[in-house]
Amino acid sequence: MVSLTLLAAFFLSMSVGRYAIGPLDILKLIAAKLGVGVDLGSSAAAMNTVFWSIRLPRTVLAIGVGAALGASGAVFQGLFRNPLVSPDILGVSSGAGFGAATAIMFLAGGGLAVQSMAFVFGIVGVFVAYSIAERSKESTIVVLVLAGIVVSAVFTAGLSFLKYIADPYEELPSIVFWTMGSFHAANWRDVVYSLPIVVMGVSLLSALGWRLNVMTMGDEEAMGLGVDVRKIRLFFIVVSTLIVASSISACGTIAWVGLVIPHIGRYLAGSDHKVLVPFCALLGGALLLLMDTLARMISTSEIPISIITSFIGAPFLAYLLLRKKAGVWYAA
Amino acid sequence: MRLELSGLTVGYRDHVVLRGLDLEVPVGSICALLGPNGSGKTTLLRNINAILKPLEGKVMLGGRDLGSMSRKEIALAMAFVPQSTNLPFNYTGLDMVVMGKTPHMSVWSSPGPRAREEAWEVMESVGIGHLAEQYYMQMSAGERQLVLLARAVMQDAPMLLLDEPTSHLDLRNQLVIMNMVRRIAHGKKATVLITLHDPNLALRYCDYAALLYAGGILGHGTTEEMLSGENLSRVYGVEVSCELTEGGSMVVVPACEPPPHASPAEDRCRAPSPGAPE
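In the order they appear, the protein sequences are chains A and B.
Per the working numbering, the first sequence runs over residues 539 to 870.
Per the working numbering, the second sequence runs over residues 3 to 280.
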């Protein structure tokens with residue numbers, strides 16, 4: 539069902555836009571690429587460029603990022619035993635935001651510099667949070683979350699400072715636009731850098747999904763059941779952080795997806811993380827792609843995607859809360 | 003599998019909770035661990051379960067030092083039954099029980115239909131086959147405790163550790179749980195250590211008892227010998243006596259009301275033998 543949604547979203551996203559391509563044309567373009575002789579008509583060259591160089595990388599990237607956020611959101615909520623957690627909780631987004639702003643202001647090199655700095659600082663943020671928690675007297679989950687909040691606060695303050703001193707005509711708009719996320723500049727390079735990590739990461743997370751069920755019993759029970767809790771937790775944090783950092787470094791921070799997708803997923807597919815994690819990856823890919831399609835359709839200029847995801851995601855969560863069936867979802 | 007504590011001192015970085023414990027639980031027997039609130043039962047249990055590391059001494063399981071075993075090895079040797087608590091996510095009874103299979107599987111695998119079939123059989127044997135499809139968070143406290151017990155049976159370890167399994171349960175469920183524990187211990191030749199608050203349950207179902215008192219162990223031996231009126235009065239700081247019912251069972255009954263807000267050591271109900279307050 540979700541796979542079908544994803545496929546439909548794919549065709550929709552590929553065809554709509556300022557240069558419309560019909561679904562039939564999409565099949566023809568793919569056939570032509572595969573060497574099957576198909577008549578593409580007069581506008582073949584333009585259509586070919588739009589399709590292969592602009593729209594396809596953008597679509598693929600949106601699916602990948604949605605999958606990363608959805609899967610890691612489900613993993614983090616399970617790992618922290620809390621349905622209010624999103625993948626940002628350990629500071630990956632605020633770290634990435636700070637890194638991107640630093641690159642925009644002080645580094646030449648354009649997109650690639652921004653992407654690398656966002657990736658590196660996203661990972662630095664989580665690393666610092668994890669180290670603080672490890673060094674504390676009681677390395678519990680609560681300490682880890684608090685450390686994440688501390689790191690996020692510091693990086694957010696740093697980002698605010700950078701915004702304050704930024705050139706208001708050139709740098710500030712780029713920073714603001716980055717923190718609201720967008721796929722408008724997506725190209726094949728972004729896809730090549732982030733997609734392999736996302737695909738591998740999501741597969742790894744899904745493979746250990748059942749262990750995550752045991753982890754949601756809490757540390758002591760999981761240990762009693764023979765789980766090396768520290769090692770498994772580190773594994774989940776490292777893999778999730780890698781896929782989230784590589785995703786948002788390609789397109790900027792995206793709000794709400796990592797929080798809402800797992801809720802929808804749990805509502806539809808239940809609490810077994812073995813099923814839930816891959817399910818949330820598919821669902822996240824499909825829904826973020828739809829959101830991105832909306833983002834470029836609503837007005838003549840692009841709308842940053844976080845605006846759309848928040849506008850739709852937040853009320854949707856409220857809707858789920860109101861019609862929650864007892865027991866099927868998580869227990870309060 | 004025999005459990006042996008030798009010279010065990012447990013506690014936290016800045017304070018010792020229990021010092022110099024020696025205790026032995028023979029194969030196939032049930033040992034009750036009793037003591038007032040704050041006497042260190044939970045801390046001791048967390049050491050035996052290797053959640054905490056002993057400050058001194060050793061926990062030996064089947065002749066092996068717990069400190070030298072991996073998490074998985076420990077879980078294969080010993081199943082832990084926690085008190086039923088709230089879970090953030092909801093699983094069915096069967097999903098919960100099948101988790102007992104965890105130490106028997108590699109990290110990358112998940113239980114297949116055969117493990118689920120086995121889990122269902124275990125639930126039947128514990129008398130809760132009807133809970134397989136029900137959601138854990140919608141179950142009563144007694145049902146949850148039985149599910150956790152079934153999970154420990156699924157874990158198929160020769161040693162069973164239970165943390166106050168009867169504390170939230172009604173009269174009937176207390177008896178159901180204890181009866182089941184006794185069946186497992188005697189049927190599967192499992193060694194059981196169980197913390198309890200009710201000396202009557204211990205007298206009825208356990209072979210041995212150990213009393214924690216004043217930062218140490220008052221002693222251990224058969225339940226009848228250990229849970230005498232004198233010992234219990236001393237440990238809990240309230241005068242109790244043991245009486246024989248017409249049916250021939252030993253019961254513990256309070257002999258007078260404890261004074262309000264008195265700690266066990268300064269109890270004036272019947273001045274017990276002196277002992278350091280905890």
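C-beta atoms are modelled at their ideal positions from N, C-alpha and C, and glycine is treated no differently.
In this chain, H199(B) is not harboured by any alpha helix (DSSP H), its DSSP state being neither H nor E.
For G217(B) against L46(B), the beta-carbon gap comes to about 11 angstroms, at or over 8 angstroms, which does not count as contact. Bounds of the beta strand (DSSP E) holding Y215(B) are Y210 to Y215.
Nearest in C-alpha terms to S844(A), of all of W794(A), F549(A), A656(A) and A667(A), is W794(A). With contacts defined as CB atoms closer than 8 angstroms, V254(B) and L746(A) fail to qualify as a contacting pair. For A77(B), there is no enclosing beta strand (DSSP E); the enclosing alpha helix (DSSP H) has its first and last residue at R73 to A79. Bridge pairing for D67(B): M62(B) [DSSP]. Contacts between N620(A) and chain B, judged by CB atoms closer than 8 angstroms, involve P90 in chain order. As computed with DSSP, V253(B) is found in a beta bridge with E245(B).
The beta carbon of G231(B) sits closer than 7 angstroms to those of V242, S243 and C244, all from its chain and outside the five residues before and after it, given in chain order. Taking 8 angstroms as the CB threshold, R749(A) lines the interface with chain B. Just so you know, the alpha carbons of R185(B) and T754(A) end up roughly 30 angstroms apart.
Straight through space, the alpha carbons of A34(B) and T779(A) are spaced by roughly 46 angstroms.
Contact with chain A is absent for W122(B), since none of that chain's Cβ atoms lies less than 8 angstroms from the residue's Cβ. Within the segment 64–85 of chain B, contact with chain A at the beta-carbon level (separation under 9 angstroms) is assigned to S72, R73, K74, E75, I76, A77, L78, M80, A81, F82, V83 and P84. A Cβ-Cβ separation of about 11 angstroms leaves V83(B) out of contact with M156(B) under the 8 angstroms criterion. Between S632(A) and L697(A), the gap from beta carbon to beta carbon is short of 8 angstroms. In the three-state DSSP reduction, R4(B) falls in the coil class, being neither helix nor strand. Annotated three-state conformation of D24(B) is strand, per DSSP. DSSP places T678(A) outside both helix and strand once states are collapsed to three, so it counts as coil. Under the Cβ distance rule, M101(B) counts among the residues neighbouring chain A, one pair being separated by less than 8 angstroms.
By the criterion of a C-beta distance shorter than 6 angstroms, G144(B) is surrounded in its chain by L171 and N175, once the five residues flanking it on both sides are discounted.
Counting only residues of its own chain and dropping the five nearest sequence neighbours on each side, F548(A) has a CB closer than 8 angstroms to the CB of T597, I601 and L827. For G13(B), the secondary structure class from DSSP, reduced to helix, strand or coil, is strand. DSSP, reduced to helix, strand and coil, places I32(B) within a strand of the structure shown. Along the length of the segment 78–155 of chain B, whole alpha helix (DSSP H) runs at least 4 residues long occupy 95–100 and 115–127, reported in chain order. When only Cα atoms are considered, L151(B) and T87(B) end up about 14 angstroms apart.
Remark: C-beta atoms of V27(B) and Y210(B) approach each other more closely than 8 angstroms. When Cβ-Cβ separations below 8 angstroms define contact, N49(B) makes no contact with chain A. Cβ neighbours of L594(A) within its own chain (closer than 8 angstroms, five residues either side excluded): M552.
By the CB criterion at 8 angstroms, L163(B) and M71(B) fall outside the cutoff. Note: T224(B) is bridge-paired with Y210(B) in the DSSP secondary-structure output. In the pairwise beta carbon analysis, the segment 727–746 of chain A is classified as not touching the segment 854–861 of chain A: fewer than three pairs are separated by under 8 angstroms. If you draw a straight line from the Cα of G616(A) to the Cα of C258(B), it is about 50 angstroms long. Going by DSSP, L163(B) is part of the beta strand (DSSP E) stretching over M161 to L164.
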